[in-house]
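So the structure is just underneath, and the comments pick up after that.
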Amino acid sequence: EAECRRAAEAGEVAYDAAFYPAADASAADEAALSGVHTQAMETARAAFANAAIGGPELRQSASTRLEALLAKRFHEYSAKRKAEASAKCAELLTAASQRVYAAANANDATVEGV
141 EAECRRAAEA GEVAYDAAFY PAADASAADE AALSGVHTQA METARAAFAN
191 AAIGGPELRQ SASTRLEALL AKRFHEYSAK RKAEASAKCA ELLTAASQRV
241 YAAANANDAT VEGV
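With this note's numbering applied, the sequence shown closes on residue 254, and no number is skipped along the way.
Given below as structure tokens:
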């Protein structure tokens with residue numbers, strides 16, 4: 141069991157090394173992040189398979205726990221990226237609204253100019 145736990149830890153490390161740098165560099169949309177996650181999961185599975193020792197039941201149990209943990213990490217990361225993108229969008233909309241308001245309330249404002 142300890143060997144499977146170490147193999148799962150190796151899978152986590154491999155996932156982290158593959159996922160986070162690529163995800164940080166990609167767009168915050170679901171498709172891009174899912175693609176990066178899928179590739180990182182393959183890397184994690186390979187690292188786990190290379191390090192796992194034990195019977196099939198132990199390996200399957202450890203693999204299932206690893207995949208559940210990594211899926212949870214992905215969903216948390218994805219939610220964080222979406223929240224950051226939403227905040228950035230709100231910030232840009234506020235700035236644009238302020239510029240339109242200022243242009244509309246200028247002394248020499250015209251419909252065409254706003």
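C-beta: ideal position from N, C-alpha, C; glycine also.
Query raised in the report: What is the C-beta distance between A168 and K212, in whole angstroms, given that I count them as a contact (C-beta under 8 Å)?
Result: For the purposes of this step, residue 168 is identified with residue 28 of the sequence shown, where counting begins at 1. For the purposes of this step, residue 212 is identified with residue 72 of the sequence shown, where counting begins at 1. At roughly 19 Å, the Cβ-Cβ gap does not stay under 8 Å, so A168 and K212 are not in contact.
Report task. Take Y155 as the anchor and find which of L232, A165, R145, F188 has the nearest alpha-carbon. Result -> For the purposes of this step, residue 155 is identified with residue 15 of the sequence shown, where counting begins at 1. Checked all of L232, A165, R145, F188; the closest Cα to Y155 is F188.
Report task. Answer with buried or exposed for V176, where buried requires no fewer than 16 other C-beta atoms within 10 angstroms of its C-beta. Result -> The residue you call residue 176 lines up with position 36 of the sequence shown. So V176 ends up on the buried side.
Report task. Answer with buried or exposed for C144, where buried requires no fewer than 16 other C-beta atoms within 10 angstroms of its C-beta. Result -> Locating residue 144 in the sequence shown gives position 4, counting from the first residue. By the 10 Å Cβ count, C144 comes out buried.
Report task. State the start and end residues of the unbroken alpha helix (DSSP H) segment that holds E224. Result -> As a first step, residue 224 must be located in the sequence shown, where it is residue number 84. Taken as a continuous stretch (DSSP letters only), the alpha helix (DSSP H) holding E224 covers 196-244.
Report task. Assign A192 to buried or exposed, taking buried as 16 or more other Cβ atoms, counted over all protein chains shown, within 10 Å of its Cβ. Result -> Looking up residue 192 in the sequence shown gives position 52. Looking at its Cβ environment, which holds 16 or more other Cβ atoms inside 10 Å, A192 is buried.
Query raised in the report: Residue range of the alpha helix (DSSP H) that S174 falls in?
Result: Translated into positions along the sequence shown, residue 174 becomes position 34. It spans 170-191 - the alpha helix (DSSP H) in which S174 sits, taken as one unbroken run.
Query raised in the report: To the nearest angstrom, how far is it from the Cα of L232 to the Cα of L209?
Result: Position 92 of the sequence shown, counted from the start, is the residue given in the question as residue 232. Position 69 of the sequence shown, counted from the start, is the residue given in the question as residue 209. Going from the Cα of L232 to the Cα of L209 covers about 35 Å.
Query raised in the report: What do you reckon, are the CB atoms on A186 and A147 nearer than 8 Å?
Result: One-based indexing of the sequence shown puts residue 186 at position 46. One-based indexing of the sequence shown puts residue 147 at position 7. For A186 and A147, no; Cβs fall outside 8 Å.
**Report entry** Cβ separation of T183 and A150, assumed to be a contact under 8 Å, to the nearest whole Å
**Finding:** By one-based count along the sequence shown, residue 183 stands at place 43. By one-based count along the sequence shown, residue 150 stands at place 10. Contact doesn't hold; Cβ gap of about 11 Å is too wide.
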